[in-house]
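J.: Residue numbers (the working numbering): 39 to 247. No residue lacks a Cβ here, since even glycine has one placed at the ideal position from N, Cα and C. The structure presented is a predicted model; accordingly, all values stated were derived computationally and were not measured. This is the structure I want to talk about, given as structure tokens.
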């Protein structure tokens with residue numbers, strides 16, 4: 039069983055808070071230990087769904103998980119390895135664009151190849167001194183969930199999201215927006231690397247009654 043909370047609950051990464059809650063409740067009812075006494079598989083699914091919901095129902099934890107700062111258990115991930123993984127996952131990084139790396143298993147393989155080429159002083163960036171290496175990469179995207187009062191959704195307006203690292207992000211709510219809508223805020227995600235463009239912020243709206 040995957041430990042990715044989105045996979046555990048069977049929802050997309052852009053799922054709204056309400057969709058996540060409904061998915062959790064469905065799994066909890068289907069696999070509750072009281073309904074399946076002695077069934078270790080159902081018990082494991084029940085516990086996994088609970089852990090996934092605990093992480094994804096918290097907007098701050100969810101955003102940190104989406105940015106790769108914490109793992110599915112909520113534990114901090116090593117900073118350096120996350121940096122290279124984020125770089126590897128960028129669609130415009132030179133390793134993904136190079137057809138020689140089409141069959142890589144994923145970010146971990148690209149990470150290993152990046153280090154190998156860096157050590158050899160080769161790559162798609164600009165060399166800086168003996169064996170040096172420089173590159174630019176787009177910043178990571180950020181995911182947020184925002185609860186919007188019904189009247190604000192009907193009439194439109196603006197709301198603020200408090201960011202995990204401090205500061206606020208203003209979100210303009212379109213008039214008549216539907217529940218579960220995901221807004222894209224260009225350039226409001228993570229900072230770029232080496233002068234690269236910042237990532238985007240994706241805000242999923244949950245309309246409250």
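As an exercise, report each continuous alpha helix (DSSP H) stretch of at least 4 residues that is fully enclosed by the stretch 191 to 231, in chain order.
T.: None, since the stretch 191 to 231 contains no complete alpha helix (DSSP H) of that length.
J.: Hey, would you say residue 40 sits closer than 8 Å to residue 49, going by beta carbons?
T.: Cβ atoms of residue 40 and residue 49: not closer than 8 Å.
J.: Bridge partners for residue 245 per DSSP, in chain order?
T.: DSSP lists 186 as partners of residue 245.
J.: On a Cα-Cα basis, can you pick out the residue from 93, 218 and 232 that is closest to residue 240?
T.: Out of 93, 218 and 232, 218 has the C-alpha closest to the C-alpha of residue 240.
J.: In whole angstroms, give me the CA-to-CA distance for residue 223 and residue 206.
T.: C-alpha separation (whole angstroms): 13 Å.
J.: Helix, strand or coil: how does DSSP classify residue 114 here?
T.: Residue 114: strand per DSSP, three-state reduction.
J.: Compute the Euclidean distance between the alpha carbons of residue 77 and residue 88, then round it to the nearest angstrom.
T.: Going from the Cα of residue 77 to the Cα of residue 88 covers about 17 Å.
J.: Considering Cα atoms alone, identify which of 214, 216, 226 and 215 is closest to residue 208.
T.: The shortest Cα separation from residue 208 among 214, 216, 226 and 215 belongs to 226.
J.: When burial is assigned at 16 or more other CB atoms within 10 Å of the CB, is residue 242 buried or exposed?
T.: When all chains shown are included, residue 242 counts as buried.
J.: Which of the three DSSP states is assigned to residue 86 in this structure?
T.: Residue 86 falls in the helix class under three-state DSSP.
J.: Could you say if the stretch 78 to 98 and the stretch 53 to 69 meet the contact criterion of at least three C-beta pairs nearer than 8 Å?
T.: Yes, they touch.
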